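Sequence lines, in order, name chains V and L. With the first letter of the first sequence counted as 1, position 14 gets the number 14 in UniProt numbering; the numbers rise by one all the way through. With the first letter of the second sequence counted as 1, position 104 gets the number 104 in UniProt numbering; the numbers rise by one all the way through. The C-beta atom is built at its ideal place from N, Cα and C for all residues, glycine as well. Nothing here was measured: the structure is a model prediction, and the numbers come from that model. Below: one structure, written as structure tokens.
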Amino acid sequence: MSAELDQLYQTIILEHSHKRSGEASQDVSSAGERSGVSHQYNPTCGDEITVRVTVTGGETPTVEAVEWNGEGCSISMAAASVLAETAPGLSLPELDTLIEHFRDMLRSRGQVTPDEEILGDAAAFAGVSKFVARVKCAMLSWVAVEDAVKHAASKTV
Amino acid sequence: MPTTPLDNEQVLRLKRDFPLLTESQVAGHPLVYLDTGATSQVPLAVADAERDFTLHHRAAVHRGAHTLAVEATDLFEDARATIAHFVGADPYSLVWTSNATEGLNLLSYAMSNATAGSNGSENAERFRVGPDDEIVTTQAEHHANLIPWQELAARTGASLRVVPVDARGLITPQAVADTVSERTKLVAFTHVSNVTGAITDVQAIVGEAQKIGALTVLDACQSVPHMPIDFPALGVDFAVFSAHKMLGPTGIGALYGRHELLNALPTFLTGGSMITEVTTEHARYLDSPVRFDAGTQRISQAVAWAEAVRYLRAIGMGRIEAWEAELGRQLARGVTEINGVRLIGPEPGVERVGLVSIDVAGVHAHDVGQLLDAAGIAVRVGHHCAQPLHRELGLTASTRASTYLYNTTDDVDRFLDELSRVRGYFRAEGA
Ligand SMILES: Cc1ncc(COP(=O)(O)O)c(C=O)c1O
Numbered sequence: 001m002s003a004e005l006d007q008l009y010q011t012i013i014l015e016h017s018h019k020r021s022g023e024a025s026q027d028v029s030s031a032g033e034r035s036g037v038s039h040q041y042n043p044t045c046g047d048e049i050t051v052r053v054t055v056t057g058g059e060t061p062t063v064e065a066v067e068w069n070g071e072g073c074s075i076s077m078a079a080a081s082v083l084a085e086t087a088p089g090l091s092l093p094e095l096d097t098l099i100e101h102f103r104d105m106l107r108s109r110g111q112v113t114p115d116e117e118i119l120g121d122a123a124a125f126a127g128v129s130k131f132v133a134r135v136k137c138a139m140l141s142w143v144a145v146e147d148a149v150k151h152a153a154s155k156t157v
Numbered sequence: 001m002p003t004t005p006l007d008n009e010q011v012l013r014l015k016r017d018f019p020l021l022t023e024s025q026v027a028g029h030p031l032v033y034l035d036t037g038a039t040s041q042v043p044l045a046v047a048d049a050e051r052d053f054t055l056h057h058r059a060a061v062h063r064g065a066h067t068l069a070v071e072a073t074d075l076f077e078d079a080r081a082t083i084a085h086f087v088g089a090d091p092y093s094l095v096w097t098s099n100a101t102e103g104l105n106l107l108s109y110a111m112s113n114a115t116a117g118s119n120g121s122e123n124a125e126r127f128r129v130g131p132d133d134e135i136v137t138t139q140a141e142h143h144a145n146l147i148p149w150q151e152l153a154a155r156t157g158a159s160l161r162v163v164p165v166d167a168r169g170l171i172t173p174q175a176v177a178d179t180v181s182e183r184t185k186l187v188a189f190t191h192v193s194n195v196t197g198a199i200t201d202v203q204a205i206v207g208e209a210q211k212i213g214a215l216t217v218l219d220a221c222q223s224v225p226h227m228p229i230d231f232p233a234l235g236v237d238f239a240v241f242s243a244h245k246m247l248g249p250t251g252i253g254a255l256y257g258r259h260e261l262l263n264a265l266p267t268f269l270t271g272g273s274m275i276t277e278v279t280t281e282h283a284r285y286l287d288s289p290v291r292f293d294a295g296t297q298r299i300s301q302a303v304a305w306a307e308a309v310r311y312l313r314a315i316g317m318g319r320i321e322a323w324e325a326e327l328g329r330q331l332a333r334g335v336t337e338i339n340g341v342r343l344i345g346p347e348p349g350v351e352r353v354g355l356v357s358i359d360v361a362g363v364h365a366h367d368v369g370q371l372l373d374a375a376g377i378a379v380r381v382g383h384h385c386a387q388p389l390h391r392e393l394g395l396t397a398s399t400r401a402s403t404y405l406y407n408t409t410d411d412v413d414r415f416l417d418e419l420s421r422v423r424g425y426f427r428a429e430g431a
């Protein structure tokens, strides 16, 4: 197999695509008091994801949990899993920074060196940025989390 | 009548007419193009015909008396006749559209124009639909043969009824008979499924529609490029197809209709060229086919499409059909021999064109396509514009390989070989 392909499908990504963190066995489409829900759909390939993000209350709200149901390719499933593992414990501004870095990396067509300090396992998605058709796959769940957090935050302030 | 199919040697010779197929490298591999179902490649002769028209014969058609205009008009109308004859029709029965999708939208809008009494609907009684009427389509359709009918129903208050497919995703005449009623005005269905490669029994379904006096509309996008077609013999009232799937340029397609129906059908797009008498209040329209030629037409594309048809005719549609049936069998048998790969549609041994869609256990279609692409193999992944059929088959996406006259058995072998590695690469369960 080609080296480029192995860059795309790094071991971390394949592992997350099989052992998916945050994937819920129950339906997550209803929001609780401190949580927000977002549903995202990619019409070109039919991938879809529903994410529920719960945030703690108080002075500096942080992400408590990311749960999701979804169906899609290995890139989209792994991206959801990595975020569900990385996000809990982050303050909302920290989560924003994480998502911003992820988005910049994916849109860079391979030009941006990922900041592993901030991205952690998500840095493994750097190879995706060279496959323009797959950027949407990686972003799907991250856009859902970004959106769900807004809904959750609007309830806790 | 059995026709001698093409053979690999002949196909390799034909392939030389397609620069893209012989010169392209993908990821360091020679390209294997198995996505003709989406769009075909174009032989040099077709590209040359378009260029030759543009450089040496270009003028507006039906709009002038100078020599060049007359010459261009002749070429344009000759093209219409060539394409019409290719599907067993006369040129009065062939309307230009931008693609098959536009042909179906033309019909949908012409019918609601008939309901509204506009666009030259003096003789359009047959096409009027209202709250008491039903429009019938099937679960197997490409979105192009579904959404225009949904919208027609929404505009007119008619009900839309959908013929269910059987467990393999096929349309049966019995299911059509069970769905239609005395109130059915129109039955729209596909000739060859762009997802399963199955071939519909058109005459049996036309028979069911005729029993209740309904019009028939055939989506012939995936049949006209791949087999000999005679629309009058099939008995359909209307049919649509696109040039770009049959070696022709993009941007042009056609609507076939029985001539007397087209003359009575209200217009869709209106403007210059298609009129007899115009006042500031009112317009009267010409007969078919110019009745539907609103505005300046796709002249160089029509001329190039006719060249594509001559190219196909020279090879022989019967031979192309027989060759692709062989490739279809090789594909169907090959994919079912791979562990964890499920063939959608007719099982191996049942008639199909050179097209298979598959589901690979534990690996999403996008990932299958990515791995094949890295080996230079171009296939289609996704729902192929047929979400209802995928949903019915319990899928959101599938991987589709589709052939044409330029594919060899080697192309199919390379696809099968790479496909057999997919589940291992992605560490799918049991691989
Ligand atoms: C069965 C079928 N119907 C309709 C279409 C639409 O054709 P076009 O996009 O050329 O209008 C296609 C092609 O994608 C098709 O395969």
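- Under the Cβ criterion of 8 Å, Leu393(L) is not counted among the residues facing chain V.
- In this structure, Val149(V) lies near Val53(V), with their beta-carbon atoms less than 8 Å apart.
- Think of a sphere of 7 Å around the beta carbon of Asp367(L): the chain V residues whose beta carbon falls inside it are Cys73, Ser74, in chain order.
- At a cut-off of 8 Å between beta carbons, Ser2(V) contacts chain L.
- Set against 7 Å, the gap from the CB of Cys221(L) to the closest heavy atom of ligand 1 is smaller.
- The segment 271-278 of chain L makes no contact with the segment 18-27 of chain L, as fewer than three CB pairs between them are under 8 Å.
- Restricting attention to Val46(L), Val195(L), His57(L), His62(L), the CA atom closest to the CA of His383(L) is found in Val195(L).
- Contact annotation: Val82(V) and Asp115(V) have beta-carbon atoms that are not nearer than 8 Å.
- A distance of 8 Å or more separates the beta carbons of Thr399(L) and Glu71(V).
- Between His244(L) and Ile320(L), the C-beta gap is not smaller than 8 Å, which leaves the two residues out of contact.
- Distance from the Cα of Val32(L) is smallest, within the candidate group Ser420(L), Val422(L), Val136(L), Asn407(L), for Asn407(L).
- Nearest CB-CB separation between Thr396(L) and chain V: below the 8 Å threshold.
- Scanning the segment 290-366 of chain L for uninterrupted beta strand (DSSP E) segments of 3 residues or longer gives 341-344, 355-360, listed from N- to C-terminal end.
- Put simply, the CB of Phe426(L) is near chain V, with a gap under 8 Å to one of its CB atoms.
- Within the same chain, Cβ atoms closer than 7 Å to the Cβ of Ala153(V) are found at Val55, Pro61, Leu92, the five residues on either side in sequence being excluded.
- At a C-beta separation below 7 Å, Leu14(V) has these neighbours in chain L: Phe426, Arg427.
- Residue burial annotation: His16(V) is buried, with at least 16 other C-beta atoms found within 10 angstroms of its C-beta.
- For the options Gly430(L), Tyr404(L), Ala294(L), Arg421(L), the alpha carbon positioned closest to that of Asp7(L) is the one of Tyr404(L).
- Contacts between His384(L) and chain V, judged by CB atoms closer than 8 Å, are missing: the closest CB pair is about 10 Å apart.
- Excluding five sequence positions before and after Asp237(L), the CB atoms of its chain that fall closer than 8 Å to its own CB belong to Leu215, Thr216, Val217, Gly257, Arg258, Leu261, given in chain order.
- Closer than 9 Å at the C-beta level to chain V, one finds no residue of the segment 103-132 of chain L.
- In the assembly as shown, Lys19(V) is an exposed residue. Its beta-carbon has fewer than 16 other beta-carbons within 10 Å.
- For Gly253(L), same chain residues with a beta-carbon under 7 Å away, outside a window of 5 residues either side, are Thr97, Ser98, Asn99, Ala100, Glu102, Gly103, Val240, Phe241, Ser242, Ala243 in chain order.
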